[in-house]
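Some notes on the structure that comes next.
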Amino acid sequence: MKYVDEFRDPDLIRNVSRELAQVVDPERDYRIMEVCGGHTHAIYRHGLRDVLPDNIELVHGPGCPVCVLPTGRVDDGLSIARHPDTILCCFGDMMRVPGTQGTPLELKATGADIRMVYSPLDALALAQQHPEKHVCFFAIGFETTAPSTALTLLRAQAQGIRNFSIFCNHVTIVPAMRAILDSPDMRIDGFVGPGHVSTITGCRPYEFIAADYGKPVVVAGFEPLDILEAILWIVQQLHAGEAKVENQYRRIVPWEGNRAALGALARVFALRPYFEWRGLGFISQSALALRPEFMPWDAEVQFEIPGVRVTDPKAAQCGEVLKGVLKPPQCKLFGKECNPERPVGALMVSSEGACAAHYRYASRQLVEV
Amino acid sequence: MCLAIPGQVVEMDAVQPLLAKVDVGGVRRNVNVGLLEQSELAPGDWILIHVGFALSKIGEEEARDQLRMLRAMGEDELAIEEVRGYAFDAEGAAHGAAG
Amino acid sequence: MIAGEGTAAVRTARRVRFDDARIEMSHGAGGKASRRLVEGLIAPAFANPILAALSDAATFSLGDRRVATTADGYVVRPLRFPGGSIGELAVNGTLNDLAVSGARPRALMATFVLEAGLAADMLRAEVAAMAGAAERACVAIVGGDTKVVEHGFCDGMYVTTFGLGEVEGDTTLDPRSVRPGDRVLLSGPIGDHGITILLARGELEIESSLRSDTRPVWPFVEALLRACGDGVRWMRDPTRGGVATALNELVRENELAVVLDEASIPLRSQVRGACELLGLDPLHIANEGQFLALLAPERADAALALVRSMPGGEEAALIGEVRDEPARTVLCVTPYGGTRTIDMLVGDPLPRIC
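Following this line, the structure appears as structure tokens:
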């Protein structure tokens, strides 16, 4: 596969790995956060830990949309599926995310009409095929995914499709990064920036991290070579005493982002004053809601949403893992009460969550606790 | 956090101009290209696909540049190793590079 | 009259608890949840030495004959898909459970649960498909049963097949005969069946020219057993839950490790493409016409050459080996020297977008 296989070339990976080994200062540690769950997944999936110097520690960030979705929002979404003649559509990732009364899959097994879709457009098509039903799309995701929801909604509006709605849970990554940077126990030297979010937002939104917090940010792709090269650039910036935003993923990410997508976001969404993140708490201006003119398609307006609040289980130390204070296996619940089959904490929920990725892929015997 | 995969445009939909048939490793799906700024998309182009939408057109030149630099990194290594083969102050050279 | 194989009789099963309130789809997906259901709820009630082995087929002695029996229910949507249909699956799947237990298939029985309103032509086609598959494998379908349920109570038709086989010679295929150093042979590319079904459902709107790999594997097994004797330690057809789940079941049984070489695992481009697009791991995807064989190291190359020389075995590969450590773990080494753990499938494989 072009643009995949070249970036998994074992010879080139050895080059970067060797270069990193030579460049790192053995006298110090490096704590680098990969913000995006896709990076976390790739790091474990490709076993990249094994080709990095020991004194580079990777801290897995908050960029996993199903992980940070509060349990109460899952309950709220599932309450929609309990309405008669209603089809609730979710991405596959959502199907196993537990609310207080079970997961979408479990509710489906009891007879609710919950369907998995690959694209929000597939949910809209379902609404057109079933004019006698209402179809609600359980929208999740960061800036990467939100434009797809926006375009789907604009199409519903243009075609006057009224038996369709969006339960909007889109969030934005920068406020979460700021929350982590502002946390007093934060100990991170640099960031591997979220490559696919940046196709939409561009690289400018991270400039405050370099300017105000003095931390390097390197926007990176998701293949092994991309991730290793980004880590190398961060190390080089740290050694040079620099802090700047760099774009390692130039083949995909334009520095200024995607104007058409940003335009669609601005037309459809407004920032919520605040939104709850599992593991991080309430963060101001960190999520998107539909603008008032889209009320006819806003599930939060069209349905009576209970507005469930569920506090994170105290014993789960997701917040500490997110901030890099703890490694996944250092959490008291890791692999015991909390495992991918029955997640207690946010980070065990999706295979992109730091803990689930660690549980699933890390060679457990080789892991230092 | 967002799974997106490169695919190659096979054909543009004759009826719906915002729809492209895209090939990923031999499987095909219709992809909405309404988010792309460059409207002149043609069969053979590579795009990045996420939830049925194209997020960006892949820059062939940028990809080639990146790979060329990574390959050059290996050649530099080889050169350094050859120098080390002549065994003068390899330690110092390595520290110099790190400093 | 019926005596269990000695090995199974002494097996001490780890106690598995089943405390789920309801049956969920994941209990049928062949992964961890299925295992909990079977070992925690069903098997304890029927406890006996033959069942304790929990292998694909029960192997025991009847007089001086060693026989294997197996039963399998087939529920698949859609009923027909590229490369096969529920009828062929029902015959080949049961034959393969016998085959990987080292048993030559001798007879099949079939039970149909039919939904009122099912087109007779549909049933006719499936019965013909079953007859064809049985004939190709030289096995007779000697009996069965038919039930009809009200419309809406089943997905067109369900088929259950029961198979009887005769164990070849003194073959014993036992997970605990596997030794460190043994090699893992895989008969061909993985994931064809699972991805074909996933795409045939149409929800994902992905087109491919993939076909299910459903076929009987007995010809390969017979040749391997003849050529390698007890150099063949254990076999399994990696159906639901895929290669990952089959190998995890092995290492949980024998307290060893399997280390796979990722680059050597045969995979069709289209399966890979679909898996990359949907965020799935091909090692978790179901197969219906492949088998895994654990081989003594000195027999491995000959066994590979033999399978490759047979029609349909050209893409077979040695994909890994057995080690002592880390116990109860399946590892995969990436082409650049990274390592990851391959876990059993948790629930159904669901496409990821994030």
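Just so you know, the sequences run in chain order X, S and L.
Under this note's numbering, the residue at position 303 of the first sequence is numbered 298, and the numbers go up by one with no gaps.
Under this note's numbering, the residue at position 14 of the second sequence is numbered 1266, and the numbers go up by one with no gaps.
Under this note's numbering, the residue at position 33 of the third sequence is numbered 587, and the numbers go up by one with no gaps.
For every residue, glycine included, the Cβ atom is placed at its ideal position computed from N, Cα and C.
Grouping DSSP H, G and I as helix and E and B as strand, with all else coil, what is residue i?
i	result
L/Trp772	helix
L/Ala673	coil
X/Phe137	coil
X/Ser178	coil
X/Asn253	coil
L/Phe600	helix
X/Lys239	coil
S/Met1321	helix
L/Gly742	coil
S/Glu1263	strand
L/Val713	strand
S/Glu1312	helix
X/Tyr356	helix
S/Pro1258	strand
X/Pro338	coil
X/Leu100	helix
L/Gly893	Strictly speaking, residue 893 of chain L in this sequence is Thr, with Gly absent from that position. In the structure shown, L/Thr893 sits in a strand (DSSP, three-state: E or B).
L/Ala777	helix
Using only alpha-carbon positions, find the residue among the options that is nearest to residue i.
i	options	result
L/Leu860	L/Phe600, L/Leu810, L/Ala781 and L/Arg730	L/Ala781
L/Ala777	L/Pro836, L/Ala800 and L/Leu858	L/Leu858
X/Ala352	X/Gly42, X/Lys103 and X/Glu101	X/Gly42
L/Leu739	L/Leu758, L/Ala644, L/Thr700 and L/Glu869	L/Glu869
L/Arg660	L/Ser863, L/Trp772, L/Cys829 and L/Pro729	L/Trp772
X/Ala256	X/Val69, X/Val296 and X/Glu138	X/Glu138
L/Val786	L/Asp815, L/Pro729 and L/Leu764	L/Pro729
X/Pro170	X/Tyr39, X/Glu218, X/Val61 and X/Pro200	X/Pro200
L/Ile749	L/Asp835, L/Asp709, L/Ser731 and L/Glu722	L/Asp835
S/Arg1280	L/Glu761, L/Pro880, L/Asn802 and L/Gly866	L/Glu761
X/Ser281	X/Arg40, X/Leu116, X/Leu220 and X/Cys163	X/Cys163
X/Arg262	X/Arg150, X/Asp0 and X/Lys128	X/Arg150
X/Thr98	X/Ala294, X/Ile82, X/Thr66 and X/Gln124	X/Thr66
X/Val61	X/Ala122, X/Arg273, X/Val192 and X/Lys128	X/Arg273
X/Glu101	L/Leu832, L/Arg862 and L/Asp574	L/Asp574
X/Ser346	X/Asn253, X/Tyr(-2), X/Glu29 and X/Ala37	X/Ala37
X/Asp80	X/Arg68, X/Cys59, X/Ile109 and X/Phe86	X/Ile109
Can you pull the chain L neighbours of residue i, defined as C-beta to C-beta under 7 Å?
i	result
S/Leu1270	Going along chain L, no residue has its Cβ under 7 Å from S/Leu1270, so there is no contact; the nearest lies around 16 Å.
S/Gly1296	Those within 7 Å of S/Gly1296 in chain L number zero; the least Cβ separation is about 17 Å.
Could you name the residues of chain L that residue i contacts, counting a contact when the two beta carbons are closer than 8 Å?
i	result
X/Leu64	Within 8 Å Cβ-Cβ: nothing; X/Leu64 doesn't reach chain L, min ~11 Å.
X/Met(-4)	Ser823, Arg826, Gly827 and Glu830
Give the interface partners of residue i over in chain X, defined as CB-CB distance under 8 Å, in chain order.
i	result
S/Glu1292	Neighbours of S/Glu1292 on chain X: none; closest Cβ ~14 Å, over 8 Å.
S/Glu1289	Asn253, Arg254 and Ala255
For residue i, count neighbouring Cβ atoms within 10 angstroms of its own Cβ and tell me buried if that reaches 16, exposed if not.
i	result
X/Ile183	buried
X/Leu53	buried
X/Cys31	buried
X/Gln325	exposed
X/Met290	exposed
X/Val213	buried
L/Met789	buried
X/Asp71	buried
L/Asn602	exposed
L/Glu578	buried
X/Val187	buried
X/Ser365	Limits of chain X in this structure are -4 at one end and 364 at the other, which puts residue 365 of chain X out of reach.
Relative to the ligand NAD, is the shortest distance from any of its heavy atoms to the C-beta of residue i smaller than 7 Å?
i	result
X/Gly87	For the structure depicted, the ligand NAD is absent and the ligand set is empty, with no information on it obtainable.
Can you name the residues of chain S whose CB is closer than 8 Å to the CB of residue i?
i	result
L/Arg906	Leu1255
Name the chain L residues that come within less than 9 Å of residue i, Cβ to Cβ?
i	result
X/Leu100	Glu578, Met579, Ser580, Gly901, Asp902 and Leu904
S/Arg1323	Simply none; closest approach about 15 Å.
Who are the neighbours of residue i on chain X, taking C-beta pairs under 7 Å?
i	result
L/Lys701	The premise fails here: L/Lys701 is roughly 23 Å from chain X at the closest Cβ pair, so nothing lies under 7 Å.
S/Glu1314	Arg245 and Arg246
Under 7 Å between beta-carbons, which chain S residues line up against residue i? List them in chain order, please.
i	result
X/Leu116	Asn1284 and Gly1304
In chain S, which residues lie with their C-beta within 9 Å of the C-beta of residue i?
i	result
L/Ser762	Gly1278, Val1279 and Arg1280
L/Glu816	Result: empty, since nearest Cβ-Cβ is about 16 Å, beyond 9 Å.
Open item on the list: Counting beta carbon pairs with one atom in the stretch 712 to 719 of chain L and one in the stretch 793 to 807 of chain L, are three or more of them shorter than 8 Å?
Closed with: no
- [ ] Could you say if the stretch 1296 to 1308 of chain S and the stretch 1257 to 1268 of chain S meet the contact criterion of at least three C-beta pairs nearer than 8 Å?
- [x] yes
Task: the stretch 16 to 27 of chain X touching the stretch 304 to 316 of chain X, judged by at least three CB pairs closer than 8 Å - done: no
- [ ] Could you tell me whether the stretch 689 to 697 of chain L touches the stretch 647 to 661 of chain L, using the rule of 3 or more Cβ pairs below 8 Å?
- [x] yes
Open item on the list: Does the stretch 147 to 165 of chain X come into contact with the stretch 208 to 224 of chain X, if we say contact requires no fewer than three beta-carbon pairs (one atom in each stretch) closer than 8 Å?
Closed with: no
Open item on the list: Quick test of the definition: if touching needs 3 or more C-beta pairs under 8 Å, does the stretch 1267 to 1282 of chain S touch the stretch 1313 to 1320 of chain S?
Closed with: no
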